Amino acid sequence: MNARVEDKSGEELINIISENVGRMLRRKMDAVTCIRIAAEEAAENWDSSLLDGNFSYVSGKCSPVIGHDSANKNCDIHKKNVNVFR
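Count the sequence shown with the working numbering and you get residues 77 to 162, in order.
Structure representation (structure tokens):
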């Protein structure tokens, strides 16, 4: 390992950390932009004829979580409006 100990001022450390965090956030924003562009292209090219009619939407909020009480009051809306989500 190429570890070394250097004497640095607090201001210098803040500048280094700021640069690293800024670089990380720019990369994350670029990744999100790429995902958004791909999602928009997929939505524009959506071919509903490929759907076999057996397509159901279920919110991830209502998915059971192992080892956790998954009783979620927001999931009752799916039961009341089952025709909308089917």
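Think of the CB as a built atom: it goes at the ideal place given N, C-alpha and C, for glycine as much as any other residue.
Keep in mind that this is a model prediction, so the values were computed, not measured.
With a CB to CB cut of under 7 Å and the five nearest residues on each side skipped, what residues in its chain are close to E95? none
Counting only the same chain and skipping the five closest in sequence on each side, list residues whose C-beta sits under 8 Å from that of A79. none
4 or more residues per run - each alpha helix (DSSP H) lying fully within the region 81 to 130: List check, alpha helix (DSSP H) in window: 86 to 120.
If you run the structure through DSSP and keep just helix, strand and coil, what is G136? helix
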